[in-house]
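J.: Would you mind keeping the following structure in view while I ask a few things?
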Amino acid sequence: MRPFLKWPGNKYRIIEAIKGRLPVGKRLVEPFVGSGAVFLNTDYERYLLNDNNPDLITLYKILKKEGEPFIQYCQTFFTPENNSSDKYYELRALFNRTDDSRLKSALLIYLNRHGYNGLVRYNLQHELNVPFGDYKRPYFPYQELLFFFKKTSQAVFTCNDFLQTMAEARPGDVLYCDPPYVPLSATSSFTAYSAGGFYLDRQKDLARMAEELSGRGIPVLISNHDTEFTNRAYQNADIQRLQVQRFISCDGENRKKVGEILALFAPRERAVNP
Ligand SMILES: C[S@@+](CC[C@H](N)C(=O)[O-])C[C@H]1O[C@@H](n2cnc3c(N)ncnc32)[C@H](O)[C@@H]1O
């Protein structure tokens, strides 16, 4: 099942490769859950799902608590009258100033489907600043929301820094870590998903913590770009390489294959799914 949100770096396209590498375990811990492509397409008993984007985690918590009435409320924003540039910017401004978390969460879905290219971009004041997408008839992801909601009974959502979530892992857990990508070239010096950015020292913290957890018997799978930096950072892991078709430029036309890696920090004695 596809995630109900369009999300930068969403892993739906390589889900089979990820599933093939994820070890067995009781609980899957995702410190960077994003749109939840891995949560939705795996079958663990329990999940600990974390992201440091508070708008995203608030939305998930409200969906978990309310279910279908909330989904129907979200759908009320998907009208032909709301699909104009003026209305979009009005609702974007409302999203940025409201303290009503139910309204804000519903607007996040509206903005994600009516904004340009599924971008999720904030300015330094943590205001969403994605321009209008001008799509003919934006899709309301009813079935996708319902599927996500049904799985939430197995999930706990948190909004913390990834290191805190990793520190909560216990034997029997499996971790899947999908951090913001390391830049492919030196010219793109960082990848920012939310205000603050995610720099290389944080990528090193992640690799160090993964090694530490696998040393304590807890397996950690990390996905990232295949670069000199990641190969060095994950040198003690078992690395699988794959080529992924991606849209690279902002005009959405420029398709290119990009090298990605799945690095498994595995305690030796644990079994891996066939
Ligand atoms: C590549 S995306 C994850 C995509 C996800 N696997 C999916 O399928 O949609 C990376 C996520 O990390 C989150 N993030 C960035 N910095 C973080 C931090 N310090 N701690 C926790 N999450 C963080 C971003 O908000 C973003 O949702």
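Residue numbers (the numbering used here): 237 to 510.
From the three backbone atoms N, C-alpha and C, an ideal C-beta is built for every residue, glycine too.
Is the separation between the beta-carbon of Y283 and that of L264 shorter than 8 Å?
T.: Cβ distance < 8 Å, so Y283 and L264 count as in contact.
J.: Could you tell me whether any Cβ in chain D is nearer than 8 Å to the Cβ of R338?
T.: Absent here is chain D; the protein component of the structure consists of one chain.
J.: Looking at C-beta atoms only, is the number of pairs between the region 268-288 and the region 381-391 that lie closer than 8 Å three or more?
T.: The region 268-288 is in contact with the region 381-391.
J.: Decide if the region 303-310 is in contact with the region 255-262; the criterion is three or more beta carbon pairs, one per stretch, under 8 Å apart.
T.: With a cut-off of 8 Å, the region 255-262 and the region 303-310 do not count as touching, because too few Cβ pairs lie within range.
J.: Smallest Cα separation from V269: which of R333, D336, D291?
T.: Ranking R333, D336, D291 by Cα distance to V269 puts D291 first.
J.: Taking only heavy atoms of ligand 1 into account, decide whether any of them is closer than 7 Å to the Cβ of N359.
T.: Result no, Cβ not under 7 Å from ligand 1.
J.: Can the beta-carbon of L295 be found closer than 8 Å to that of L344?
T.: Yes. Within cutoff.
J.: V190 lies in the alpha helix (DSSP H); which residues open and close that run?
T.: For the chain, the structure presents residues 237 to 510; residue 190 sits outside this window and is missing.
J.: Residue range of the beta strand (DSSP E) that F393 falls in?
T.: Looking at the DSSP string, the run of the beta strand (DSSP E) that includes F393 is 391-394.
J.: Please classify E281: is it buried, with 16 or more other beta-carbons within 10 angstroms of its beta-carbon, or exposed?
T.: Classification for E281: exposed.
J.: Of the choices V480, R504, K340, whose alpha-carbon is the least far from that of S450?
T.: Of V480, R504, K340, the residue nearest in Cα terms is R504.
J.: So Y283 is in the beta strand (DSSP E); what residue range does that whole segment cover?
T.: Here the beta strand (DSSP E) through Y283 covers 282-286.
J.: For L478 versus A253, is the C-beta spacing smaller than 8 Å?
T.: Against a cut-off of 8 Å, the Cβ pair of A253 and L478 comes out as a contact.
J.: Please classify F376: does DSSP put it in a helix, a strand, or coil?
T.: Three-state result, F376: coil.
J.: I'd like to know whether the C-beta atoms of A502 and Y470 end up nearer to each other than 8 Å.
T.: Taking 8 Å as the Cβ cut-off, A502 and Y470 do not qualify as a contacting pair.
J.: Taking all protein chains shown into account, do 16 or more other C-beta atoms lie within 10 angstroms of the C-beta of P407, making it buried, or fewer, making it exposed?
T.: Looking at its Cβ environment, which holds fewer than 16 other Cβ atoms inside 10 Å, P407 is exposed.
J.: Please report the distance separating the alpha-carbon of F434 from that of P374.
T.: Cα to Cα, the separation comes out at about 31 Å.
J.: For E266, count neighbouring C-beta atoms within 10 Å of its own C-beta (all shown protein chains included) and say buried if the count is 16 or more, exposed if not.
T.: Counting Cβ neighbours within 10 Å, E266 comes out buried, since at least 16 surround it.
J.: How big is the Cα-Cα spacing for K492 and V480?
T.: Going by the C-alpha atoms only, they are around 8 Å apart.
J.: For P290, name the three-state secondary structure that DSSP assigns.
T.: DSSP places P290 in helix when its eight states are reduced to three.
J.: According to DSSP, is K255 part of a helix, a strand, or is it coil?
T.: The answer is helix: DSSP assigns K255 an H, G or I state.
J.: Run the CB neighbour count on G495, radius 10 Å, all protein chains shown included, and call it buried at 16 or more, exposed below.
T.: G495 is exposed by the Cβ-count criterion.
J.: What's the C-alpha gap between E326 and E302?
T.: So the two alpha carbons sit approximately 26 Å from each other.
J.: Take the Cβ of S421 as the centre, count every other Cβ of all protein chains shown within 10 Å, and call the residue buried at 16 or more, exposed below.
T.: By the 10 Å Cβ count, S421 comes out exposed.
J.: In this structure, how does DSSP classify L241 when only helix, strand and coil are distinguished?
T.: L241 falls in the coil class under three-state DSSP.
J.: Would you mind giving the Cβ-Cβ distance between S321 and F376, rounded to the nearest angstrom? I have them listed as a contact below 8 Å.
T.: That pair is no contact at about 19 Å.
J.: For K340, is the classification buried or exposed, using 16 other Cβ atoms within 10 angstroms of its Cβ as the cut-off for buried?
T.: K340 comes out buried.
J.: Taking Cβ positions, are N472 and E448 nearer each other than 8 Å?
T.: Not closer than 8 Å, so no.
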